[in-house]
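The next block holds one structure in the form of structure tokens; read it before the comments.
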Amino acid sequence: MTTLRTLFEEADIAGRVDDLAEEIAKTFPQDFTIVGLLKGSFVFVADLARAMDRIGHAPRIEFVKVSSYGDGRDSSGEVRLEGNIPAAITGQPVLLVDDIVDTGNTLSLARRLLLEQGAERVVTCVLLDKPSRRQTDISANIVGFTVPDVFIVGYGFDYGEKYRHLPYLATLD
Ligand code: IMP
Ligand code: MG
5 MTTLRTLFEE ADIAGRVDDL AEEIAKTFPQ DFTIVGLLKG SFVFVADLAR AMDRIGHAPR
65 IEFVKVSSYG DGRDSSGEVR LEGNIPAAIT GQPVLLVDDI VDTGNTLSLA RRLLLEQGAE
125 RVVTCVLLDK PSRRQTDISA NIVGFTVPDV FIVGYGFDYG EKYRHLPYLA TLD
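Going by the numbering used here, the sequence shown opens with residue 5, and the numbers climb by one from there.
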């Protein structure tokens with residue numbers, strides 16, 4: 005049987021997203037580009053973009069699809085870009101947003117590809133950081149919450165494509 009245990013309530017997440025927006029506003033001009041990694045970051049990007057708007061910023065929004073996890077809990081270690089990096093980011097300051105930095109393979113690949121595409125600079129932002137699982141030498145510049153090595157679902161995070169719709173973050177036993 006699977007048990008969901010709430011880790012961060014909706015209000016905890018909303019408060020933290022507002023803090024992150026303030027932090028982002030300090031490093032970016034009013035006009036910058038958010039590049040979200042699909043699918044996991046779709047809820048976080050939507051909330052972050054509106055938090056940026058509330059403090060007077062007007063980010064452009066792009067998404068890129070990168071796959072690593074199959075249907076299960078363990079990363080295959082292989083990360084692939086599906087489709088193209090948008091040409092519109094060339095010369096732009098970019099905020100690269102993902103749901104979590106776990107092994108770090110996804111974030112480091114995406115960061116490298118954005119720089120190869122000519123992003124002026126890339127600042128990385130994740131809602132969650134699981135430092136205990138890192139395999140690559142990358143740390144996100146802006147982090148919502150640091151979490152232990154537990155499997156998390158909800159708020160965009162899935163387990164076999166389930167639970168992304170939950171408005172809160174939960175651990176899955
Ligand atoms: P990486 O291991 O840092 O490359 O992370 C790859 C991807 O694994 C992330 O973008 C997430 O989509 C997914 N992931 C890592 N940890 C979890 C988790 O606890 N729950 C759901 N997805 C996860
Ligand atoms: Mg993902």
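Think of the CB as a built atom: it goes at the ideal place given N, C-alpha and C, for glycine as much as any other residue. Every value quoted in this text rests on a predicted model; they were computed, and no experiment measured them.
A distance of 7 Å or more separates the beta carbons of VAL151 and LYS166.
In this structure, ILE142 has its beta carbon at no less than 6 Å from each heavy atom of ligand 1. Boundaries of the beta strand (DSSP E) harbouring PHE149: 146 to 150, taken from the DSSP string.
In this structure, DSSP gives PRO135 a helical state, which the three-state scheme calls helix. Less than 7 Å divides the Cβ of THR110 from the Cβ of VAL70.
Three or more beta-carbon pairs separated by less than 8 Å are not found between the stretch 50 to 64 and the stretch 110 to 121, which leaves the two stretches without contact. The residue from GLN121, ASP22, ALA92 with its alpha-carbon nearest to that of ARG54 is ASP22. With contacts defined as CB atoms closer than 7 Å, PHE155 and GLY44 fail to qualify as a contacting pair. Rounded to the nearest angstrom, the gap between the Cα atoms of ALA174 and ALA29 is 29 Å.
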